[in-house]
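As you go down the protein sequences, you meet chains A and B in turn.
For the first sequence, our numbering begins at 22 and goes up steadily by one.
For the second sequence, our numbering begins at 35 and goes up steadily by one.
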Amino acid sequence: MKRPTRRRMVLGIIVVLAVLSMASQCGGAPARFGWGGPNQVAAAVYCGLPDGRVYALDADNGTQLWVYPPPEKDEGEQPAGGLLGGLGGCMPGGGAPAGGPLGGIYTTPIVSDGVVYVGAYNQKLYALDAETGKLVWPKPFEAGGPIVSGLRLHEGVLYFGCNDHHLYAVDAQAGTKRWDFTAGHEIWSTPTIHEGVVYFGCNDHKLYAVDAATGSKQWTYDTQGVIVSSPTLAGGRLYFGALHQIYAMNPTTQAIDWEFSAANWFWADPTVISDTVYVGNLDNQVYALDASTGDLKWQYDTGGQVRAATVIQHGVAYVGSESQKVLALDAQTGELKWEREVKGKVLATPFVSADQVYVTTSEAQLYNLDVASGAVRWQFPPATEAQ
Amino acid sequence: MEITALWDLFWNNLIFNPLLNALVLLTILLGGYYGLAIMVFTILVRLITMPFTVKQLRSSRAMAVLQPQIKALQKKYAQDKEKLSQETMKLYGEAGVNPLGGCLPALIPWPIMIALYQSILQMMPSHPEQLMDLSKHLYPFQAIWQVVPVQNVFLGLDLSMSAMTAGQWQYYILPILVVVSSWLQQKMLTSPVADAQQAQMNQTMQVTMPLFIGFISLQFASGLSLYWITYNVVTMVVAYVLMRDTMPPLSSYLPASIAAYLPFGTSAQPRAKKPSAATDEVGEATAIKARAPKKKPASRRRKKRRR
């Protein structure tokens with residue numbers, strides 16, 4: 022009876038493996054939650070959370086001032102439930118759409134002249150009254166695809182990229198299109214504007230420069246991979262990440278001054294302060310590079326992918342990580358000053374003021390941390406409600 | 035390390051990541067056409083796992099042949115379960131059939147096909163978080179990274195879009211083909227059974243399962259439909275080539291009005307069996323008894339030289 026017994030054992034092992042292989046993939050596919058960061062202006066902090074709504078909160082205590090859309094006015098997609106939702110949890114690329122009423126918010130709100138501007142995955146750009154949260158434009162601006170790129174406001178014009186391969190320039194007052202430019206693929210990179218030129222990266226592996234007034238192409242630069250991060254201009258150089266490399270380019274001649282390679286992709290926007298380039302990588306590291314030569318000054322392992330930009334304030338580098346941590350590092354040495362565990366991945370760029378750090382997480386939480394110690398001052402929604 | 039983390043480590047490093055990166059390499063070799071890579075890769079993986087499927091099919095057909103005798107035993111020993119069990123096992127032994135022989139081969143390809151299916155979808159991220167997650171699974175070679183994002187458009191369809199999302203009529207063609215190919219495959223490969231109730235259940239499954247799979251295909255990326263169609267067609271072709279001696283002709287699966295135009299006959303009777311090598315499963319060609327050693331003609335026998 023040895024052979025049948027052995028066969029049953031092998032059969033049992035195979036059955037367990039098959040069940041585990043299916044079970045392990047159920048619910049394991051990354052959901053769409055967006056990575057819009059917070060922005061504090063005066064006494065309020067504005068943010069889009071992964072529940073698909075835009076919030077205005079009291080900056081001191083986290084009390085909700087308003088929310089858009091209000092719960093009684095939900096629009097857009099709702100999560101699929103039942104069998105499809107359950108099956109979708111087992112199937113990457115399918116299943117229940119996440120992101121709430123606005124389909125997910127990847128942009129950090131911009132506030133100017135009492136208006137909050139925010140783009141959403143539901144293909145719309147909103148202008149909301151900063152006091153009341155009501156729509157300012159007659160209707161939201163409709164792009165041709167989901168908006169993943171951040172917004173840039175320059176001289177009364179909002180610039181942003183879109184999944185329909187267009188870069189849009191929208192009048193901030195009227196909410197109407199000034200022009201649009203067609204690139205080769207989805208645009209997730211936030212545009213940077215300098216001296217009348219808009220610089221942005223594209224998923225077609227190119228860096229573009231277009232005229233800010235007319236949208237006419239000035240030049241492109243081919244790289245080896247997708248450019249998701251926003252280019253940063255500092256000291257006469259344009260710094261941008263493409264695939265696993267950081268480039269320092271002369272924007273006038275498109276000559277590359279230096280390149281730095283890491284083990285994975287650069288999706289975080291480079292931050293340039295005091296001749297140092299700070300940039301996170303999907304290899305879990307934060308790098309500090311010499312802005313003139315690209316030499317490595319220090320690096321720090323955060324334990325999770327780093328997609329958010331590093332914010333430098335008071336000689337401290339603040340960075341969020343997929344490892345559900347917010348870290349404060351000495352900007353000169355990379356030494357850890359403090360780290361704070363939060364609920365959810367920190368993929369959005371923190372906002373740092375004189376004494377507070379605001380971060381949003383993938384679990385639809387906004388944290389207010391003490392800038393010196395990382396202690397949680399408040400969180401929204403409050404912990405009891407979140408649990 | 036937690037058990038789930040350990041399992042993820044095992045699954046990703048040994049099964050999922052190799053398949054995913056092989057798919058990417060194939061995409062590069064095929065000029066960046068991801069749709070073509072899906073089809074070719076599905077064919078290759080299916081061919082590799084096909085022997086297990088064929089073994090399972092042979093086993094189930096062998097079991098089907100024994101059904102009348104098993105029913106007779108059940109009637110005879112209705113009151114004596116132990117005797118029934120003994121006689122049933124004896125019947126299996128005499129016929130050389132292993133009742134579990136089909137289960138094991140049927141399950142072995144499953145983890146591979148699940149990994150293949152996930153690889154196909156992973157390479158068509160529907161939102162930024164998925165593309166970010168993809169970075170954890172691709173091997174650190176620039177040639178592989180440069181493929182991202184893959185060329186999703188194939189035969190005029192964006193393979194990352196589902197029929198429901200796209201809302202255009204041409205996106206419904208693939209799910210329809212999924213239903214048709216799934217139905218045909220089930221019809222071809224389901225073994226006939228003597229039990230009327232079982233037969234009824236099989237018939238119901240032949241209708242409901244393809245419809246269910248087609249419904250799922252409507253919701254998910256079109257690349258998945260391409261995978262399913264290729265999977266079904268390869269399965270049918272290989273199974274027919276290897277087991278056509280025990281199958282009715284192809285035309286019997288189709289309506290007469292369509293079959294009349296086909297070149298491969300309309301008879302519903304299986305072809306005459308050709309003698310083939312011995313197997314231990316009933317229902318295949320009869321075993322050739324062990325050949326007695328042939329004696330060479332006397333003139334050819336070598337005489338041992340004595341020294």
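Note that beta-carbon positions come from the ideal geometry of N, C-alpha and C, so glycine has one too.
N- and C-terminal bounds of the alpha helix (DSSP H) containing B/G69:
In the second sequence, the residue the question calls residue 69 of chain B occupies position 35. It spans Y68 to K110 - the alpha helix (DSSP H) in which B/G69 sits, taken as one unbroken run.
Does DSSP put A/G69 in a helix, in a strand, or in coil?
The residue labelled residue 69 of chain A in the question sits at position 48 within the first sequence. Strand, per DSSP.
Same chain only: Cβ atoms within 7 Å of A/G182, ignoring 5 sequence neighbours per side
Counting from one through the first sequence, the residue named residue 182 of chain A turns up at place 161. Once the five neighbours on either side are set aside, the close Cβ partners of A/G182 are S170, L188, I208, W209, S210, P212 and F221.
In this structure, does DSSP put A/E356 in helix, strand or coil?
Counting from 1 along the first sequence, the entry for residue 356 of chain A is found at position 335. Coil.
Keeping to the same chain, check which residues put their C-beta closer than 6 Å to that of A/F202; ignore five residues upstream and five downstream.
Within the first sequence, residue 202 of chain A is the residue found at index 181, counting from 1. If we look at A/F202 and ignore the five residues flanking it on each side, its Cβ neighbours are L188, V231 and G236.
For A/A369, verify whether its CB is less than 6 Å away from any heavy atom of the ligand FAD.
The model depicted lacks the ligand FAD and carries no ligand whatsoever.
In terms of alpha-carbon separation, which member of A/V293, A/V307, A/N302 and A/G124 lies closest to A/S313?
Sequence index remark: in the first sequence, residue 313 of chain A carries index 292 (1-based). Among A/V293, A/V307, A/N302 and A/G124, the Cα nearest to that of A/S313 is on A/V293.
What does the Cβ neighbour count give for B/G190, buried or exposed, with the cut at 16 atoms within 10 Å?
As a first step, residue 190 of chain B is located in the second sequence; it is residue number 156 there, counting from the start. B/G190 should be labelled exposed.
Quick one: list the residues of chain B neighbouring A/F401, beta-carbon separation under 9 Å, in chain order.
Translated into positions along the first sequence, residue 401 of chain A becomes position 380. Ordered by position in chain B, no residue passes the 9 Å Cβ test against A/F401, which lies about 22 Å from the chain.
Using a C-beta to C-beta distance shorter than 7 Å, which residues of chain A count as neighbours of B/S169?
Within the second sequence, the letter at position 135 stands for residue 169 of chain B. By Cβ distance, chain A contributes N285, W286 and L303.
Can you tell which of B/L276, B/M277, B/V272 and B/Q108 has the C-alpha that lies nearest to the C-alpha of B/V78?
Start at 1 with the first residue of the second sequence, and residue 78 of chain B comes out as number 44. As written in the sequence, residue 78 of chain B is Leu, which differs from the Val given in the question. It is B/V272.
What's the call for A/E343, buried or exposed, on a 16-neighbour Cβ count within 10 Å?
In the first sequence, residue 343 of chain A corresponds to position 322, counting from 1. Buried is the call here.
Taking all protein chains shown into account, do 16 or more other C-beta atoms lie within 10 angstroms of the C-beta of A/N82, making it buried, or fewer, making it exposed?
Here residue 82 of chain A refers to the residue found at position 61 when the first sequence is read from its first residue. Its Cβ having fewer than 16 others within 10 Å, A/N82 is exposed.
is_contact[A/P51, chain B] using C-beta, thresh 7 Å:
Position 30 of the first sequence, counting from 1, holds the residue named residue 51 of chain A. By this cut-off, A/P51 is an interface position.
On the CB-based measure, 16 or more other CB atoms within 10 Å of its CB, does B/V58 come out buried or exposed?
Here residue 58 of chain B is taken as the residue at index 24 of the second sequence, counted from 1. Buried, because 16 or more other Cβ atoms sit within 10 Å of the Cβ of B/V58.
Rounding to the nearest angstrom, what Cα-Cα distance links B/D192 and B/F175 in this structure?
Locating residue 192 of chain B in the second sequence gives position 158, where the first residue counts as 1. Locating residue 175 of chain B in the second sequence gives position 141, where the first residue counts as 1. Going by the C-alpha atoms only, they are around 26 Å apart.
Quick check: A/V397 and A/L387, are their CB atoms within less than 7 Å of each other?
Start at 1 with the first residue of the first sequence, and residue 397 of chain A comes out as number 376. Start at 1 with the first residue of the first sequence, and residue 387 of chain A comes out as number 366. Taking 7 Å as the Cβ cut-off, A/V397 and A/L387 do not qualify as a contacting pair.
With DSSP collapsed to three states, give me the class of B/K124.
Taking the second sequence and counting its residues from 1, the one referred to as residue 124 of chain B is at position 90. Three-state result, B/K124: helix.
Which residues DSSP lists as bridging A/A190, in chain order
As a working note, residue 190 of chain A is residue 169 in the first sequence. BP columns for A/A190 point to A/Y180 and A/W200.
Residue span of the beta strand (DSSP E) that contains A/K346, given as start and end:
Here residue 346 of chain A refers to the residue found at position 325 when the first sequence is read from its first residue. It spans K346 to D351 - the beta strand (DSSP E) in which A/K346 sits, taken as one unbroken run.
Proximal residues of chain B, C-beta to C-beta of A/Y127 below 8 Å:
For this step, residue 127 of chain A is matched to residue 106 along the first sequence. Going along chain B in sequence order, the residues near A/Y127 (Cβ under 8 Å) are P162.
Would you call the segment 161-168 of chain B and the segment 95-113 of chain B in contact, with 3 or more CB pairs under 8 Å?
no
Quick one: grab the DSSP three-state call for A/Y142.
By one-based count along the first sequence, residue 142 of chain A stands at place 121. It is coil, neither helix nor strand.
Continuous beta strand (DSSP E) stretch holding A/S282: start and end
The count along the first sequence starts at 1 and reaches residue 282 of chain A at position 261. Taken as a continuous stretch (DSSP letters only), the beta strand (DSSP E) holding A/S282 covers I277 to S282.
Is the beta carbon of A/G55 closer than 7 Å to that of A/T16?
Not covered by the structure: residue 16 of chain A. The range shown for chain A is 22 to 408.
Residues that A/F54 contacts on chain B, provided the C-beta gap is smaller than 8 Å:
The residue you call residue 54 of chain A lines up with position 33 of the first sequence. The answer, in chain order, is E163.
Should B/W179 be flagged as near chain A, meaning a C-beta pair shorter than 7 Å?
By one-based count along the second sequence, residue 179 of chain B stands at place 145. Yes, B/W179 lies at the interface with chain A (some Cβ there is under 7 Å from its Cβ).
Report the rounded CA-to-CA distance for A/A352 versus A/L310, giving the unit in angstroms.
One-based indexing of the first sequence puts residue 352 of chain A at position 331. One-based indexing of the first sequence puts residue 310 of chain A at position 289. If I take the Cα positions, the gap works out to 11 Å.
So does the segment 139-157 of chain B actually touch the segment 258-273 of chain A, counting three or more Cβ pairs closer than 8 Å?
no
Any chain A beta carbon closer than 7 Å to B/P183:
Position 149 of the second sequence, counted from the first residue, corresponds to residue 183 of chain B. Yes, B/P183 counts as interfacial toward chain A.
Should A/I248 be flagged as near chain B, meaning a C-beta pair shorter than 7 Å?
Counting from 1 along the first sequence, the entry for residue 248 of chain A is found at position 227. No - not a single Cβ of chain B is within 7 Å of the one on A/I248.
Tell me, please, which residues DSSP counts as bridged to A/H175.
For the purposes of this step, residue 175 of chain A is taken as the residue at position 154 of the first sequence. Bridge partners of A/H175: A/V178.
What is the C-beta distance between A/K227 and A/G262, in whole angstroms, given that I count them as a contact (C-beta under 8 Å)?
For the purposes of this step, residue 227 of chain A is taken as the residue at position 206 of the first sequence. For the purposes of this step, residue 262 of chain A is taken as the residue at position 241 of the first sequence. Not a contact, Cβ separation roughly 14 Å.
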